[in-house]
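Chemist: After the structure tokens below, expect a handful of questions from me.
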Amino acid sequence: MIKVFYLFWTLLAAVAVTLVSFFYIHKGFLRGFPLGFYNVESKNSFIILSFAVDLIFWWILFSILLVVVKNYIFDKG
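The sequence shown begins at 0 in numbering that gives the first Met the number 0 and counts up one residue at a time.
So this is what it looks like as structure tokens:
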């Protein structure tokens, strides 16, 4: 149950960073940071595929950071 809880918190952190990168950064070349090179043309200003790829990227990154911090930095052994 605790591992699912950790995944939930990393997902929330990834959603927060993704929302900041897509909606707070308004520059055209920085939109979707760090995956700004990932360009998909759409009629709307909101691109779902790019948003999903960015969200998955940040979720994996935060999950890896959580494992490293939990197992190596705060190691009780």
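Every residue, glycine too, gets a C-beta built ideally from N, C-alpha and C.
Helix, strand or coil for Phe-50 per DSSP?
Modeler: helix
Chemist: Give every residue of the same chain whose Cβ lies closer than 6 angstroms to the Cβ of Ala-13, excluding the five residues on either side of it in the sequence, and list them in chain order.
Modeler: Within the same chain, Ala-13 has close Cβ partners Leu-54, Trp-57, Trp-58 and Phe-61.
Chemist: Does Phe-73 come out as helix, strand or coil in the three-state DSSP assignment?
Modeler: Here Phe-73 sits in coil by DSSP.
Chemist: Are the beta-carbon atoms belonging to Thr-9 and Leu-65 less than 8 angstroms from one another?
Modeler: yes
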